[in-house]
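Peer 1: There's a structure below that I have some questions on.
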Amino acid sequence: MAFDRLIENIVKTQNPSVVGLDPKLDYVPEYIKEKKFKKYGKTLKGAAKAIWEFNKTIIDEIHDICPAIKPQAAYYEMYGYEGVKTLYKTIQYAKEKGMFVMTDGKRNDIGATMEAYATAHLGLTDVGGELVEAFGADALTVNGYLGSDGINPLLDQCRKYDKGIFVLVKTSNKSSGELQDLMIGNKTVYATMGSMCELWGKDVMGKYGYSGVGAVVGATYPEQLAEMRKALPHTFFLVPGYGAQGGGAEGVSKAFDDHGLGAIVNSSRGVMCAYKKEDNCDEHDFAKAARREVIRMKEDIISYLPKITLE
Ligand SMILES: O=c1ccn([C@@H]2O[C@H](COP(=O)(O)O)[C@@H](O)[C@H]2O)c(=O)[nH]1
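Using my numbering, the first residue of the sequence shown is number 916, and each one after it goes up by one.
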């Protein structure tokens, strides 16, 4: 199962964190933008080429110490088809480097359309009998609020191509409680969605006790992380909201099991923009600053965890 590979990457690097590649042009160093704009003009192509260099340089610098990346599709779609090409190249390059790739797309629709999304992001597209990889991520974030009709097509692709999904359960944003904390009988909406993840995952169990159906639970809600960890023993958590959104290492430690596994913590702006925060960091050293931030974040998180081990 896909999350077995993610877990093995985490154990190998002893790092339960993922770098979010959400590359707004503002985050890209000036020298890269100048170079690309000179060649391609201030065009979507120029922007997409700049972002590609930014991403590739970061991946080159962190792939040996970081198990995964999480590109957020919106930041690529913003630059049109050229941006989407950069998303594809980023996914493929990170995989070549041995990283696990989770595309943050938060996709959902009715069954037939969901089949198309599932094929695009996790499966192979049939082009006149030839099966072609459209994006090729290892996992996709999805919204489960259309129920099983929206999830079953994804599970088909997970089984067929060894992929995973992360379903939104308790999101990190401030207003997440407006709907997610409401009660359905004696259970919150988020806990109900969490239980559905356990159910959906039954058929796609991995060898380390976690299924291919994960849950997104925000770093900004440590109590809910603890509650969900206890209630969902087979559900692997993607935990966004560390750093820039105020989540901290002690809080996210609640997402983990007794082996220091069961969760991966995301930081996007914290890593991409590390060079802007460091004193006297030359922008040419942006990827080195990203590496330093990955190491700092890892040490911060594991200081609250037992040793990460498969036994
Ligand atoms: O509940 C959620 C679900 C997804 N996200 C995404 O994670 C990153 C967070 O970025 P930071 O810069 O580290 O804050 C971003 O891609 C969000 O779309 C989330 O934050 N919360």
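Virtual Cβ for every residue (Gly too), placed ideally from N, Cα, C.
Check whether the segment 1186 to 1204 and the segment 1029 to 1048 are in contact - that is, three or more C-beta pairs closer than 8 Å.
Peer 2: No: fewer than three Cβ pairs fall under 8 Å.
Peer 1: Excluding the 5 residues flanking residue 1135 on each side, which residues of the same chain have their C-beta closer than 7 Å to its C-beta?
Peer 2: The sequence position of residue 1135 within the sequence shown is 220, counting from 1. The residues are 1087, 1156, 1160, 1161 and 1162.
Peer 1: Just checking my contact of residue 984 with residue 934 at CB under 8 Å: how many whole Å lie between their CB atoms?
Peer 2: Position 69 of the sequence shown, counted from the first residue, corresponds to residue 984. Position 19 of the sequence shown, counted from the first residue, corresponds to residue 934. That belief holds up - the Cβ atoms of residue 984 and residue 934 are roughly 5 Å apart, short of 8 Å.
Peer 1: Quick one: is residue 1099 buried, meaning 16 or more other Cβ sit within 10 Å of its Cβ, or exposed?
Peer 2: Position 184 of the sequence shown, counted from the first residue, corresponds to residue 1099. So residue 1099 counts as exposed.
Peer 1: Apart from the five residues on each side of it in sequence, which residues of its chain come closer than 7 Å, Cβ to Cβ, to residue 1048?
Peer 2: Along the sequence shown, read from residue 1 onward, the residue named residue 1048 stands at position 133. So the list reads 1039, once near-sequence residues are dropped.
Peer 1: Considering only residues of the same chain and omitting the five flanking positions on each side of residue 1139, which have a CB-CB separation below 6 Å?
Peer 2: Here residue 1139 is taken as the residue at index 224 of the sequence shown, counted from 1. Cβ within range, chain order: 1085.
Peer 1: May I have the straight-line CA-CA distance separating residue 1010 from residue 1068, to the nearest angstrom?
Peer 2: Your numbering for residue 1010 matches position 95 in the sequence shown. Your numbering for residue 1068 matches position 153 in the sequence shown. Looking at the two C-alpha atoms, the distance is approximately 24 Å.
Peer 1: Going by Cα to Cα distance, which pick from 1182, 1131, 1216 and 1076 is closest to residue 1205?
Peer 2: As a position in the sequence shown, residue 1205 is number 290, starting the count at 1. Among 1182, 1131, 1216 and 1076, the Cα nearest to that of residue 1205 is on 1182.
Peer 1: As an exercise, report each continuous beta strand (DSSP E) stretch of at least 3 residues that is fully enclosed by the segment 1050 to 1077, in chain order.
Peer 2: As far as the segment 1050 to 1077 is concerned, its whole beta strand (DSSP E) runs of at least 3 residues are 1054 to 1057.
Peer 1: Which residues does DSSP list as the beta-bridge partners of residue 1120?
Peer 2: Counted from its first residue, the sequence shown places residue 1120 at position 205. In the DSSP output, where bridge partners are listed per residue, residue 1120 has 1126.
Peer 1: Assuming residue 976 and residue 1189 are in contact, meaning their beta carbons sit under 8 Å apart, how far apart are those beta carbons, in whole angstroms?
Peer 2: Position 61 of the sequence shown, counted from the start, is the residue given in the question as residue 976. Position 274 of the sequence shown, counted from the start, is the residue given in the question as residue 1189. About 11 Å separates the two Cβ atoms, so there is no contact after all.
Peer 1: Count the CB pairs spanning the segment 1110 to 1127 and the segment 1057 to 1073 that are closer than 8 Å, and state whether there are at least three.
Peer 2: At 8 Å Cβ cutoff, the stretches touch.
Peer 1: What is the rounded straight-line gap between the Cα of residue 970 and the Cα of residue 1216?
Peer 2: Position 55 of the sequence shown, counted from the start, is the residue given in the question as residue 970. Position 301 of the sequence shown, counted from the start, is the residue given in the question as residue 1216. Roughly 24 Å between the two C-alpha positions.
Peer 1: Taking only runs that begin and end inside the segment 950 to 1017, name each unbroken beta strand (DSSP E) of 3 or more residues, in chain order.
Peer 2: Segments of the beta strand (DSSP E) lying fully in the segment 950 to 1017: 983 to 986.
Peer 1: So the candidates are 1017, 1167, 947 and 1097; which of them puts its Cα closest to the Cα of residue 921?
Peer 2: Position 6 of the sequence shown holds residue 921. Of 1017, 1167, 947 and 1097, the residue nearest in Cα terms is 1017.
Peer 1: Out of 1152, 1169 and 1166, which has the shortest C-alpha to C-alpha gap to residue 1178?
Peer 2: Position 263 of the sequence shown holds residue 1178. The option with the nearest alpha carbon to residue 1178 is 1152.
Peer 1: In this structure, how does DSSP classify residue 1154 when only helix, strand and coil are distinguished?
Peer 2: Here residue 1154 refers to the residue found at position 239 when the sequence shown is read from its first residue. Strand at residue 1154.
Peer 1: From residue 1125 to residue 1184, what does the alpha carbon distance come to, in whole angstroms?
Peer 2: The residue labelled residue 1125 in the question sits at position 210 within the sequence shown. The residue labelled residue 1184 in the question sits at position 269 within the sequence shown. Between residue 1125 and residue 1184, the C-alpha separation is close to 28 Å.
Peer 1: Do you know whose CA, among 988, 1022 and 978, lies nearest residue 1008's CA?
Peer 2: Reading the sequence shown from its first residue, position 93 is the one you call residue 1008. The option with the nearest alpha carbon to residue 1008 is 978.
Peer 1: To which residues of the same chain is residue 992 closer than 7 Å at the C-beta, ignoring the five residues directly before and after it?
Peer 2: Here residue 992 corresponds to residue number 77 of the sequence shown, with the count starting at 1. The answer, listed in chain order, is 998 and 999.
Peer 1: Return helix, strand or coil for residue 1178, following the three-state DSSP convention.
Peer 2: Working through the sequence shown from its first residue, we reach residue 1178 at position 263. Strand, per DSSP.
Peer 1: Quick test of your reading: residue 1080 and residue 1127, contact by CB under 8 Å. State the CB separation rounded to the nearest angstrom.
Peer 2: Residue 1080 sits at position 165 when you count from the first residue of the sequence shown. Residue 1127 sits at position 212 when you count from the first residue of the sequence shown. Right, the Cβ-Cβ distance comes to about 7 Å (below 8 Å), so this counts as a contact.
Peer 1: Relative to the C-alpha of residue 1149, which residue among 965, 951, 1035 and 1171 is closest?
Peer 2: As a working mapping, residue 1149 is identified with position 234 in the sequence shown. Per the Cα distances, 1171.
Peer 1: Going by the DSSP bridge assignment, what does residue 1022 pair with across the sheet?
Peer 2: Residue 1022 sits at position 107 when you count from the first residue of the sequence shown. In DSSP, residue 1022 forms a bridge with 1057.
Peer 1: Could you tell me if the beta carbon of residue 1183 falls within a distance shorter than 7 Å of some heavy atom in ligand 1?
Peer 2: The sequence position of residue 1183 within the sequence shown is 268, counting from 1. Answer for residue 1183: yes, Cβ within range of ligand 1.
Peer 1: Rounded to whole angstroms, how far is the Cβ of residue 990 from the Cβ of residue 962, which I believe are closer than 8 Å?
Peer 2: Within the sequence shown, residue 990 is the residue found at index 75, counting from 1. Within the sequence shown, residue 962 is the residue found at index 47, counting from 1. No, residue 990 and residue 962 are not in contact; Cβ-Cβ is about 11 Å, not under 8 Å.
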